[in-house]
Every structure is written in C-alpha cells, then in structure tokens.
Amino acid sequence: MLRTFKAVLRGNRLEWLEETPETSDRPRSVHVTILESDPGIEKISRGQRMAEALEKLAALNTLGGTDPVAWQREVRQERSLPNLKG
0 MLRTFKAVLR GNRLEWLEET PETSDRPRSV HVTILESDPG IEKISRGQRM
50 AEALEKLAAL NTLGGTDPVA WQREVRQERS LPNLKG
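Residues 0 to 85 (numbering that gives the first Met the number 0) make up the sequence shown, in order.
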C-alpha cells in the first residue's frame, strides 16, 4: 500500500511537515515528486495580498458615517414570516 506524506526537501534531506512515516534503521524505497511551486509559500503570499487589500479597504473608511444602531434597526425591520397567517 502506498502512503503519501508531506515534506520539504532541503539539500538531500526530507523534513516532514505533518504526519511522519514510521522510522526504522533498514533502508526503504520511496518515490519523491517535486512540486512546481511550494503550496505553503503560495498560501502565505495569497494571505499577505488579502491582508494588504483589507488594510486598503479599512483606510477608505467607507462605513465611517454609518450609525451601527440605526443600521441594525433598519436591517431588523418587522417583516411577514412565510407560512404564518396574521
């Protein structure tokens, strides 16, 4: 049975990222697939871009003139509920 483990290759060593395979002193055959890009770095980059975009939105202060209490009252206005007579 083939099992897959996530690792980072540094030089000639694998550093396990999550679950690690059972270790033993006897040699084991493995297949290593080199990924085109490191998904961990891509996630960090995407997260960084998202944080920068959110900071820009916050700087615009688009909701600065909105009274939160008035907004909540407007959103929660009474409305008829489905399947109720009255």
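C-beta atoms are modelled at their ideal positions from N, C-alpha and C, and glycine is treated no differently.
Every value quoted in this text rests on a predicted model; they were computed, and no experiment measured them.
*asked:* Give me the residue from Pro26, Arg12, Arg9, Thr3 with the minimum Cα distance to glutamate 18.
replied: The residue among Pro26, Arg12, Arg9, Thr3 with its C-alpha nearest the C-alpha of glutamate 18 is Thr3.
*DSSP beta-bridge partners of tryptophan 15*: The beta-bridge partner set that DSSP reports for tryptophan 15 consists of Ala6.
*Can you list, in chain order, the residues of its chain whose CB lies under 8 Å from that of arginine 12, leaving out five sequence neighbours each side?*
Its chain contains no residue whose beta carbon lies nearer than 8 Å to that of arginine 12 once the 5 sequence neighbours on both sides are disregarded.
_In whole angstroms, give me the CA-to-CA distance for alanine 69 and glycine 63._
Annotation: alanine 69 to glycine 63 spans about 13 Å, alpha carbon to alpha carbon.
*Nearest CA to the CA of leucine 16: which residue from Val7, Thr22, Asp24?*
Closest by C-alpha distance to leucine 16, out of Val7, Thr22, Asp24, is Val7.
*asked:* Taking the alpha helix (DSSP H) that valine 31 belongs to, which residues open and close that run?
replied: It is not in any alpha helix (DSSP H) - valine 31 carries neither H nor E in the DSSP assignment.
_Output needed for isoleucine 33: all residues of its chain with C-beta closer than 8 Å, excluding positions within five of it in sequence on either side, in chain order._
Cβ neighbours of isoleucine 33 beyond the five flanking positions: Leu8.
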